[in-house]
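Have a look at the structure below before the remarks.
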Amino acid sequence: MKVIRNILGIDPGLQHTGWGIVKQEDNRLGFIAAGRISPPTKLPMAERLRFLAEGLAEVISKYKPKEAAIEKTFVNNNAGTALKLGQARGVAMVTAAQAGLNLDEYAANLIKQTVTGFGHADKTQIQAMVNLLLPGTGKMAADAADALAIAICHAHHSGGVTK
Numbered sequence: 011m012k013v014i015r016n017i018l019g020i021d022p023g024l025q026h027t028g029w030g031i032v033k034q035e036d037n038r039l040g041f042i043a044a045g046r047i048s049p050p051t052k053l054p055m056a057e058r059l060r061f062l063a064e065g066l067a068e069v070i071s072k073y074k075p076k077e078a079a080i081e082k083t084f085v086n087n088n089a090g091t092a093l094k095l096g097q098a099r100g101v102a103m104v105t106a107a108q109a110g111l112n113l114d115e116y117a118a119n120l121i122k123q124t125v126t127g128f129g130h131a132d133k134t135q136i137q138a139m140v141n142l143l144l145p146g147t148g149k150m151a152a153d154a155a156d157a158l159a160i161a162i163c164h165a166h167h168s169g170g171v172t173k
């Protein structure tokens, strides 16, 4: 039975939320699209969160993924930063759920390990491997590359791609 699915990867952030769509056909992955949603920083918090929700809803409506994946929260020394990240992450999760997408969560180290072979890879290494694994991605923001890495991780760990 042939496996074909579009997967949305989400790298949540209040300043920039990265998104990436990967198409999986059996054990092959292909690049569909990627970008980032950047709410104006001068907006009140509730409006920034609404901006994120509407942006993700547009991406979901346009590309019609069947599944989504998001990075798990990590412990941050700055409580304020962790709270803001949590709010952006919550908005992304609710938006995916409202669209009826199955949503899985992956730890940052697992995402990095899956894509680069090294669980502590830096953003440059992730971008390089995403470009290698998904020809046609070209130069993109780190947030978008991270989102594609999350989608690749999901494809590998949800019963799809063999290494």
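Note that the numbering used here numbers the sequence shown so that position 155 is 165, with each residue one more than the last.
Glycine included, C-beta positions come from ideal geometry on N, C-alpha and C.
| message | So, with DSSP's three-state summary, where would you put Gly19? | response | Along the sequence shown, one-based indexing puts residue 19 at 9. In the structure shown, Gly19 sits in a strand (DSSP, three-state: E or B).
| said: Could you tell me the alpha carbon to alpha carbon distance between Lys122 and Leu24, rounded to whole angstroms? | reply: Position 112 of the sequence shown, counting from 1, holds the residue named residue 122. Position 14 of the sequence shown, counting from 1, holds the residue named residue 24. Taken atom to atom, the span from the alpha-carbon of Lys122 to that of Leu24 is near 22 Å.
| message | Below 8 Å, how does it come out for the region 91-108 and the region 143-159: are there three or more Cβ pairs, yes or no? | response | no
| Are there 16 or more other CB atoms within 10 angstroms of the CB of Leu111, so buried, or fewer, so exposed? | For the purposes of this step, residue 111 is taken as the residue at position 101 of the sequence shown. Of the residues assessed, Leu111 falls on the buried side of the cut-off, its CB having 16 or more other CB atoms within 10 angstroms.
| request: May I have the straight-line CA-CA distance separating Ala67 from Lys12, to the nearest angstrom? | output: Position 57 of the sequence shown, counting from 1, holds the residue named residue 67. Position 2 of the sequence shown, counting from 1, holds the residue named residue 12. Each residue's Cα considered, the two are about 28 Å apart.
| query | Going along the chain, which unbroken runs of the beta strand (DSSP E) with 3 or more residues stay wholly within the region 67-118? | reply | List check, beta strand (DSSP E) in window: 77-81 and 112-116.
| field | Simplified DSSP assignment, three categories, for Val32 | value | In the sequence shown, residue 32 corresponds to position 22, counting from 1. In the structure shown, Val32 sits in a strand (DSSP, three-state: E or B).
| said: I need the DSSP call for Thr147, collapsed to helix, strand or coil. | reply: As a position in the sequence shown, residue 147 is number 137, starting the count at 1. In this structure, Thr147 counts as coil in the three-state DSSP scheme.
| field | First through last residue of the beta strand (DSSP E) which encompasses Leu39 | value | Along the sequence shown, one-based indexing puts residue 39 at 29. Its beta strand (DSSP E) spans residues Arg38 to Ile47.
| Quick one: what does DSSP say Thr124 is sitting in, helix, strand or coil? | Position 114 of the sequence shown holds residue 124. Shown here, Thr124 sits in a helix according to DSSP, grouped into three states.
| task | Take the Cβ of Lys33 as the centre, count every other Cβ of all protein chains shown within 10 Å, and call the residue buried at 16 or more, exposed below. | result | On the sequence shown, residue 33 is found 23 positions in, with the first residue counted as 1. Buried, since its Cβ has 16 or more Cβ neighbours within 10 Å.
| task | Thinking Glu70 and Pro22 are a contact (beta carbons under 8 Å), I'd like their distance in whole angstroms, please. | result | Here residue 70 is taken as the residue at index 60 of the sequence shown, counted from 1. Here residue 22 is taken as the residue at index 12 of the sequence shown, counted from 1. The sequence shown places Ile at residue 70, rather than the Glu named in the question. 15 Å between Cβ atoms; not a contact.
| Taking just the CA atoms, how far does Ala89 sit from Ala43? | Numbered from 1 along the sequence shown, position 33 holds the residue referred to as residue 43. Numbered from 1 along the sequence shown, position 79 holds the residue referred to as residue 89. For Ala43 and Ala89, the distance between alpha carbons rounds to 33 Å.
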